[in-house]
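The opening position of the sequence shown corresponds to residue 1235 in this note's numbering, with each subsequent residue numbered one higher.
Backbone N, C-alpha and C fix where the C-beta goes; we use that ideal spot for every residue, glycine too.
All figures in this text were calculated on a predicted structure; none of them were measured in a lab.
Contents: one structure, followed by commentary.
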Amino acid sequence: MSREKRSSPRIKANFRVELSSPQLGIIETRTRDVSDSGAFVIIAEETTPELHMKVQIRVLDLPGEPGQSVESEVVRIENEGVGLRFIPKD
């Protein structure tokens, strides 16, 4: 039996987002699900970031201007994409 490690429940959400980092550049993609503490982002295998890499994520489908970038860490890698944990600001 697997033990759930998430601190917040996930909800299915298909948001258009932008991921960015010095290593990746800028990637426009979509989320599969989100929670208060993170998100799963669908990414093609050839652009998959490394585990523990820091990336910025920003929602693009908001009314008006795009959302603010949030620093995140890659905490899980799957065939379909990556799990991100949002890093709280101090």
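Taking C-beta separations shorter than 6 Å and ignoring five residues to either side along the sequence, the partners of L1253 in its chain run I1261, V1289 and I1291, following chain order. Here I1311 is near L1285, since their CB atoms are less than 9 Å apart.
Runs of the beta strand (DSSP E) lying entirely within the stretch 1244 to 1307 and spanning at least 3 residues, in chain order: 1250 to 1255, 1259 to 1268, 1272 to 1276 and 1288 to 1293. The straight-line gap separating the alpha-carbon atoms of A1273 and K1246 is approximately 10 Å. Cβ neighbours of F1249 within its own chain (closer than 6 Å, five residues either side excluded): T1265, V1293 and D1295.
Note that the C-beta distance between P1283 and V1308 is below 9 Å.
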